[in-house]
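*Asks:* Below is a structure I'd like to ask you about.
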Amino acid sequence: MILFFQGRITEFLLILLFFAFQVFFILQATKKKEIGYIRHISGLDAIGEIVGRATEMGKPIHLSPGVYAGFGPGYAGPTVAALSMFSHVSSLAASKKVPVLASVNDAASYAAIDEAVRVACESVHSPECYKSENIQYYAYGEALLTGVFGTMTRMKPAGNFLIGPFGWDAVVQGELGAYANAMQLGGTDAFANLSMLAATCDFLLIGEEMFAAGAYVSKDPKGAGALRGQDLSKVVALLFIIVGAVLWLAGNKLVFNILGV
Amino acid sequence: MAASESIWDKLGNLDRRILFWAIVLIIIIPLIHPLGLPVTVSERVREAYNFVEKAVKPRDIALIDLGTGLGPMPETMPGLLAMTRQLMRLQARIVFTTGYISPEAVVVIETVMDQTLRKDPKFVYGEHYVNFGWYTGGGTAIRRLASSWKDVFTRDWYGTPNERLPIMKDITGADSFRLVWHVGPEIAWITYWKLGKNVPVLVTYMALNIPTYLPYYAAGDIYLLGGQRESAEYEILVGVPGPGVPAMDYQSLGHLFVLAVVVLGNLGHIRRKLKRGTQ
Amino acid sequence: MSTRFIRRDLPYVILAVFGILALLSYYIAIPAIETMAGTSRTWVVVVGAFAVLLGAFNVVRTHIVRAYQKKKDYWLSAWLLFIYFSMIVVGLSAGTGSGQYKWMYGAMYTPLAQGVVGTLGLFLVSAAYRAFKIRTIESLVFFLGFFLIAVRQASIGPLLWPGFETIGNWVTLWPSTGTMRAVTIGLAIGTVALALRTLARYERIGLEEGAMVGGG
Amino acid sequence: MNIDPLVVIGVIWSLVILSFLLYKENIAYRFAEYTMIGVAAGHATVSAIYLINGSNITPLLRGNLLHIVPLFLGIMLLFKLKGEYAWLGRYGIALVVGVGTGDVVRSQMAASFIRQITSTLEIFTIRTAEQAFNVFVFMVAMLSTILIFIFTVRPVGAAAPLPKVQKLGRLFVMFVLGTIFAHQIMSRVAMLAGVLQRLVALFGF
Numbered sequence: 000m001i002l003f004f005q006g007r008i009t010e011f012l013l014i015l016l017f018f019a020f021q022v023f024f025i026l027q028a029t030k031k032k033e034i035g036y037i038r039h040i041s042g043l044d045a046i047g048e049i050v051g052r053a054t055e056m057g058k059p060i061h062l063s064p065g066v067y068a069g070f071g072p073g074y075a076g077p078t079v080a081a082l083s084m085f086s087h088v089s090s091l092a093a094s095k096k097v098p099v100l101a102s103v104n105d106a107a108s109y110a111a112i113d114e115a116v117r118v119a120c121e122s123v124h125s126p127e128c129y130k131s132e133n134i135q136y137y138a139y140g141e142a143l144l145t146g147v148f149g150t151m152t153r154m155k156p157a158g159n160f161l162i163g164p165f166g167w168d169a170v171v172q173g174e175l176g177a178y179a180n181a182m183q184l185g186g187t188d189a190f191a192n193l194s195m196l197a198a199t200c201d202f203l204l205i206g207e208e209m210f211a212a213g214a215y216v217s218k219d220p221k222g223a224g225a226l227r228g229q230d231l232s233k234v235v236a237l238l239f240i241i242v243g244a245v246l247w248l249a250g251n252k253l254v255f256n257i258l259g260v
Numbered sequence: 000m001a002a003s004e005s006i007w008d009k010l011g012n013l014d015r016r017i018l019f020w021a022i023v024l025i026i027i028i029p030l031i032h033p034l035g036l037p038v039t040v041s042e043r044v045r046e047a048y049n050f051v052e053k054a055v056k057p058r059d060i061a062l063i064d065l066g067t068g069l070g071p072m073p074e075t076m077p078g079l080l081a082m083t084r085q086l087m088r089l090q091a092r093i094v095f096t097t098g099y100i101s102p103e104a105v106v107v108i109e110t111v112m113d114q115t116l117r118k119d120p121k122f123v124y125g126e127h128y129v130n131f132g133w134y135t136g137g138g139t140a141i142r143r144l145a146s147s148w149k150d151v152f153t154r155d156w157y158g159t160p161n162e163r164l165p166i167m168k169d170i171t172g173a174d175s176f177r178l179v180w181h182v183g184p185e186i187a188w189i190t191y192w193k194l195g196k197n198v199p200v201l202v203t204y205m206a207l208n209i210p211t212y213l214p215y216y217a218a219g220d221i222y223l224l225g226g227q228r229e230s231a232e233y234e235i236l237v238g239v240p241g242p243g244v245p246a247m248d249y250q251s252l253g254h255l256f257v258l259a260v261v262v263l264g265n266l267g268h269i270r271r272k273l274k275r276g277t278q
Numbered sequence: 000m001s002t003r004f005i006r007r008d009l010p011y012v013i014l015a016v017f018g019i020l021a022l023l024s025y026y027i028a029i030p031a032i033e034t035m036a037g038t039s040r041t042w043v044v045v046v047g048a049f050a051v052l053l054g055a056f057n058v059v060r061t062h063i064v065r066a067y068q069k070k071k072d073y074w075l076s077a078w079l080l081f082i083y084f085s086m087i088v089v090g091l092s093a094g095t096g097s098g099q100y101k102w103m104y105g106a107m108y109t110p111l112a113q114g115v116v117g118t119l120g121l122f123l124v125s126a127a128y129r130a131f132k133i134r135t136i137e138s139l140v141f142f143l144g145f146f147l148i149a150v151r152q153a154s155i156g157p158l159l160w161p162g163f164e165t166i167g168n169w170v171t172l173w174p175s176t177g178t179m180r181a182v183t184i185g186l187a188i189g190t191v192a193l194a195l196r197t198l199a200r201y202e203r204i205g206l207e208e209g210a211m212v213g214g215g
Numbered sequence: 000m001n002i003d004p005l006v007v008i009g010v011i012w013s014l015v016i017l018s019f020l021l022y023k024e025n026i027a028y029r030f031a032e033y034t035m036i037g038v039a040a041g042h043a044t045v046s047a048i049y050l051i052n053g054s055n056i057t058p059l060l061r062g063n064l065l066h067i068v069p070l071f072l073g074i075m076l077l078f079k080l081k082g083e084y085a086w087l088g089r090y091g092i093a094l095v096v097g098v099g100t101g102d103v104v105r106s107q108m109a110a111s112f113i114r115q116i117t118s119t120l121e122i123f124t125i126r127t128a129e130q131a132f133n134v135f136v137f138m139v140a141m142l143s144t145i146l147i148f149i150f151t152v153r154p155v156g157a158a159a160p161l162p163k164v165q166k167l168g169r170l171f172v173m174f175v176l177g178t179i180f181a182h183q184i185m186s187r188v189a190m191l192a193g194v195l196q197r198l199v200a201l202f203g204f
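Line by line, the protein sequences give chains A, B, C and D. The first sequence lines up with residues 0 to 260 when you count with numbering that gives the first Met the number 0. The second sequence lines up with residues 0 to 278 when you count with numbering that gives the first Met the number 0. The third sequence lines up with residues 0 to 215 when you count with numbering that gives the first Met the number 0. The fourth sequence lines up with residues 0 to 204 when you count with numbering that gives the first Met the number 0.
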């Protein structure tokens, strides 16, 4: 086919299929208006707990998307996940009048997070939760960390959300949060930095759990439908692996070849 | 009994500054007085070295791309220097670029060139090596580089236009390169250059990134040099002394110290548990 | 066009149009799509640069207010502003390649950055000290993995017993790669699903105003 | 002895940063922090101005009118500084997020989905019993870990063992996180050593 690039056709069809799963289950769930079974995800349940703690203590919460935040192809995924998560967290914080701090070193992510927090706070008319000086832009990773050193020691936030494309800064941000006795939720894509968040944070989102945040936290049929669609995509992946492996052992490379079309 | 128990508990509850000072001393002492602990070469490193030896012919073009700033340099610099020296010995031509978020990595390129290429009068800037410096856009730019080099770079870092650089006669896109040596975390090199254009990709990065890259390594997509230790091993293979091997002293001690710290952290806790068990 | 459309819906239209364009350009071989996607990528770079200005101006405003109101450490804010404007004056008049500019950067940013990076060694030690308290089976397994590799990575380990090297390599290549591959596939599915939801406006990413799309 | 003043300044700055941890939060540290933020913001501003000038204003003045779009979006972004007009900034954000989101789909599908599955299939070229064992361990780790991310299947009937398998998957994940923590020691110690090395070198060892 001339219309498609060679070697990317299966890939494209799979994207369409995954999208169809999402739309189908979201529409179905919205029509039925019921939330099906969703496994307990302790990291995501902790969001309410952390914001609640901040409310009780009368202290702010801190959001950080990590040093690699940005919308380039390598990191856009976790950055969008962070954006979705922060949007939920800040509207929860806004409803409880908890101030939101954020430290970001990528300009575009800074603008997006600033907008997310501002919108969340304005829509519940909670001006104390958003102040433009609390959402800080630091230009470069090292400057970001000195800033976080300062923010953590001086503002002593009660909760710390470390969600996004973390890099070498994971151990610094996690430990600083722990020194400040903040209750921390961590989640990132790269395993190297996830291990540091696992060592420093109270709650951990492993892998895909981070991307389920928006759908899980909303507790509405739409979110449940989206997760259902995501699950079906994983079943497709499992089928590819299992059927492909069995065929491969029998000397047939059909699945392998299909994926390369 | 009570006194000893409090000691155990204290060891499990130390002020972190004691640990900080301890690790500082553990690193400084071998720096002042090298211990010369031995280093062995592992399989992965030998593979990468042999590949370069076999694949690179005189006048082949190699791309060295930095995806990191100054931070990881203690770890990757020995490998970077050894690699550059090996390519020089094989009479390859070398192109430097960096796609890090800030142009600070250009400083690293300058250091590498100062210590290797600029010392050898046989290597002429613009003909045998060239520094294109900094590009923005991360993976997007890497993809554009693969299809058309001049879309991203129309001049080198010092402002010389491409037309005045003799090496540029042979560079159009990914197909012009014999190999890519990427120092950093950017998987776009694998996506667009290895999988897209079938250019061999070698990766050096910090030890902590070995596991992230291992699936690609196991799948045969890349050659991998992870961390200071394997950097030092590469130095041994290339055979020119550098900063890598002496660093293994404090690395070995540092690892043992971290292990000891983990045990310390558990002492009070385990003791309490044992005591509860005997009662 | 209503205000509602301009303020709430139009951003999503922009997001979806350019997102779908970027997505399709990789799969569908129509030169016009490729060109438009390429153009939009250069736009992103420029808008990103404006975002840098936005962020920097916000820093400047914050510290002007602090310096003016004489809050605690106001002289530090004044110093920050002094540094900021000197960088700009030198950078724009003499150029970023000039000796003065390089000196300012090299005398301040580079060594400070190196200092910050150096703290990672310290933070790692304190994280190790606190993290590996063996309380549950999960933390025991966490420690076990740590122990196997830490002993291998110290070049003393393989000298004591060559088996450490073999076990360390085996563990990293088989069970670890298997686990990480599963997580990578999960991440891919999660990312793709989230991205598609974002493009289709099922996901909240903070561009909406007034009534929320989801709960919260 | 000839000492470069930059080296001395560099070592002092690094020690000031370390003093935060080796001693405690102090005024010298705060001074360093504000300096850092000022320099970083200044450098970013200068780079951004050059970038806007080079890749937007210059081509625009040469008559390439399409460049008006990002210029317009960018200027609207700056309205975020003024509370009531902040919503004007959304269009620029939408563009950046949109392109990034579109791009990420394909980079994830290619490198992290298709490629990971095909390379999993490739390991099934089994010749020896040892290989078979390795592949078995690999698959147990992989399948149990993938099943962690099944969120919406109620564990009844055929799916009843699901929670147990998920627990096994979590153990694998924790084990790997432990190994990776250990992989990091080298990098972090090297970073600290980089700073200390300059300090030691200054005193001439």
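All C-beta atoms in this analysis are idealised placements derived from N, C-alpha and C, irrespective of residue type, glycine included.
Distance cutoff 7 Å, beta carbons only. Does R89(D) sit that close to anything in chain C?
*Replies:* It does: the Cβ of R89(D) has a partner Cβ on chain C nearer than 7 Å.
*Asks:* Could you check whether the Cβ of K132(C) sits closer than 7 Å to any Cβ belonging to chain B?
*Replies:* K132(C) counts as touching chain B.
*Asks:* The alpha helix (DSSP H) with N192(A) in it runs from where to where?
*Replies:* Element bounds for N192(A): F190 to T199.
*Asks:* Relative to the C-alpha of T197(C), which residue among A15(C), V45(C), F142(C) and R3(C) is closest?
*Replies:* Per the Cα distances, A15(C).
*Asks:* V68(D) to W42(C), Cα distance in whole Å?
*Replies:* V68(D) and W42(C): Cα-Cα distance of roughly 8 Å.
*Asks:* Is it buried or exposed for D64(B), if we count other Cβ within 10 angstroms and need 16 for buried?
*Replies:* Counting Cβ neighbours within 10 Å, D64(B) comes out buried, since at least 16 surround it.
*Asks:* Quick one: what does DSSP say P160(B) is sitting in, helix, strand or coil?
*Replies:* Of the three classes helix, strand and coil, the one that applies to P160(B) here is strand, per DSSP.
*Asks:* Under 7 Å between C-beta atoms, does T135(B) make it to chain A?
*Replies:* Not one chain A Cβ lies under 7 Å of T135(B).
*Asks:* Name the chain C residues that come within less than 9 Å of G173(A), Cβ to Cβ?
*Replies:* What G173(A) touches in chain C: F122 and A126.
*Asks:* Please classify H181(B): does DSSP put it in a helix, a strand, or coil?
*Replies:* H181(B) falls in the strand class under three-state DSSP.
*Asks:* So, are the CB atoms of V164(D) and L146(D) less than 7 Å apart?
*Replies:* Against a cut-off of 7 Å, the Cβ pair of L146(D) and V164(D) comes out as a contact.
*Asks:* Below 8 Å on the Cβ atoms is my contact criterion, and I expect A157(A) with K58(A) to pass it. Report the Cβ-Cβ distance as a whole number of Å.
*Replies:* Indeed they touch by this definition, with Cβ atoms about 4 Å apart.
*Asks:* Span of the alpha helix (DSSP H) holding W20(B)?
*Replies:* Run containing W20(B): R15 to I31, per the alpha helix (DSSP H) assignment.
*Asks:* For E32(D), return the contacting residues in chain A, with the cut-off set at a CB-CB distance below 8 Å.
*Replies:* Neighbours of E32(D) on chain A, chain order: T145, G146, F148 and G149.
*Asks:* Using 8 Å as the Cβ pair cut-off and three pairs as the minimum, do the segment 148 to 164 of chain A and the segment 41 to 56 of chain A touch?
*Replies:* A contact exists between the segment 148 to 164 of chain A and the segment 41 to 56 of chain A.
*Asks:* Taking Cβ positions, are G94(C) and L191(D) nearer each other than 7 Å?
*Replies:* Cβ distance not < 7 Å, so G94(C) and L191(D) don't count as in contact.
*Asks:* Taking only the alpha-carbon atoms, compute the straight-line gap between R40(C) and V98(D) and give it to the nearest angstrom.
*Replies:* If I take the Cα positions, the gap works out to 7 Å.
*Asks:* Are any of the Cβ atoms in chain C nearer than 7 Å to that of V105(B)?
*Replies:* Cβ-Cβ to chain C under 7 Å: no for V105(B).
*Asks:* What distance in whole Å lies between the Cβ atoms of A191(A) and I184(D), which are believed to be in contact at a cut-off of 8 Å?
*Replies:* Wrong, their Cβ atoms sit about 12 Å apart, outside the cutoff.
*Asks:* Please report how far the alpha carbon of F70(A) lies from the alpha carbon of K132(C), in whole angstroms.
*Replies:* Taking the straight line joining both Cα atoms gives about 37 Å.
*Asks:* Report the start-end ranges of each beta strand (DSSP E) in the segment 27 to 67 of chain B that is 3 residues or longer and not cut off at the edges.
*Replies:* Counting whole runs of 3 or more residues, the segment 27 to 67 of chain B contains the beta strand (DSSP E) stretches 60 to 65.
*Asks:* Going straight from the alpha carbon of G173(A) to that of I49(A), what length do you get?
*Replies:* Cα to Cα, the separation comes out at about 15 Å.
*Asks:* Got a sec? Which residues, its chain only, sit under 8 Å from K252(A) by beta carbon, not counting five neighbours each side?
*Replies:* Closer than 8 Å at the Cβ level, and outside the excluded window around K252(A), lie L246.
*Asks:* Find out if the Cβ-Cβ distance for the pair V235(A), V254(A) is shorter than 7 Å.
*Replies:* Contact: no.
*Asks:* Kindly confirm or deny that the segment 125 to 137 of chain D and the segment 101 to 111 of chain A touch, where touching means at least three C-beta pairs closer than 8 Å.
*Replies:* Result no; under three Cβ-Cβ pairs closer than 8 Å.
*Asks:* Report the rounded CA-to-CA distance for V103(D) versus A31(C), giving the unit in angstroms.
*Replies:* Roughly 21 Å between the two C-alpha positions.
*Asks:* Tell me the DSSP bridge mates of Q227(B)?
*Replies:* Its beta-bridge partners do not exist; DSSP assigns none.
*Asks:* So, helix, strand or coil for I267(C), using DSSP?
*Replies:* Nothing about residue 267(C) can be read from this structure; chain C reaches only from 0 to 215.
*Asks:* On the three-pair Cβ rule with 8 Å, is the segment 85 to 100 of chain D touching the segment 224 to 238 of chain A?
*Replies:* The segment 85 to 100 of chain D, when compared against the segment 224 to 238 of chain A, does not touch it at the 8 Å Cβ threshold.
*Asks:* Along the chain, where does the beta strand (DSSP E) that runs through I162(A) open and close?
*Replies:* Where I162(A) is concerned, the enclosing beta strand (DSSP E) stretches over G158 to I162.
*Asks:* Is it the case that the Cβ atoms of I87(C) and G9(D) are separated by a distance below 7 Å?
*Replies:* No, the pair does not count as a contact, with Cβ atoms beyond the cut-off.
*Asks:* Have a look at K218(A) and I8(A) and give me their C-alpha separation to the nearest angstrom.
*Replies:* Roughly 35 Å between the two C-alpha positions.
*Asks:* So with CB distances below 8 Å, who are the chain D contacts of D113(A)?
*Replies:* Ordered by position in chain D, the residues that pass the 8 Å Cβ test against D113(A) are K79.
*Asks:* Show which residues of chain B have a CB atom less than 9 Å away from the CB atom of A149(C).
*Replies:* Those within 9 Å of A149(C) in chain B are H254, L255, V257, L258 and V261.
*Asks:* Note down, in chain order, every chain C residue with its Cβ under 9 Å from the Cβ of G82(D).
*Replies:* Here the premise fails: no neighbours, minimum Cβ distance about 12 Å.
*Asks:* Can you tell me whether Q196(D) is buried or exposed, with buried defined as 16 or more other CB within 10 angstroms of its CB?
*Replies:* So Q196(D) ends up on the buried side.
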